[in-house]
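Numbering (my numbering), first residue to last: 10 to 140.
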């Protein structure tokens, strides 16, 4: 049976209520959504639930999104990651991409940009599995 978009789960990790609610409104019609306001809460969800994609802010109250991404990678779970930030720097973009993030999203974002990035991230197959 082919997986439909509603079979996929997205974890939104964002400490600011406005962007978190906006992402929930944009993506909630198409995907199952979990939310977390801290990196620690996000890791707990990742351990307890299957997550296909994580949209995460770089600036989180307990520790950075970059550290969260390192910890997610250390779990061995195959979770695609899109990193969001309001204060972009070349260094942080390079670091998250080196750690395997599939995209870097600048805030403020628009609905179509988010939908396109998420759809692309969830449909791209792992190149190691391609023959």
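Beta carbons: idealized from backbone N, C-alpha and C, even for Gly.
- Within its own chain, the residues whose Cβ lies closer than 8 Å to the Cβ of residue 25, once the five positions on either side in sequence are excluded, are 66, listed in chain order.
- Out of 59, 90, 86 and 116, the CA that lies nearest to the CA of residue 130 is found in 90.
- Here the alpha carbon of residue 74 sits roughly 17 Å from the alpha carbon of residue 61.
- The distance from the Cβ of residue 92 to that of residue 105 is about 4 Å, consistent with a contact at the 8 Å cut-off.
- Within its own chain, the residues whose Cβ lies closer than 6 Å to the Cβ of residue 70, once the five positions on either side in sequence are excluded, are 24 and 47, listed in chain order.
- In this structure, the alpha-carbon of residue 84 lies about 22 Å from that of residue 113.
- The C-alpha of residue 38 is placed about 33 Å away from the C-alpha of residue 99.
- Residue 21 carries a strand assignment under DSSP once its states are collapsed to helix, strand and coil.
- Bounds of the alpha helix (DSSP H) holding residue 132 are 120-132.
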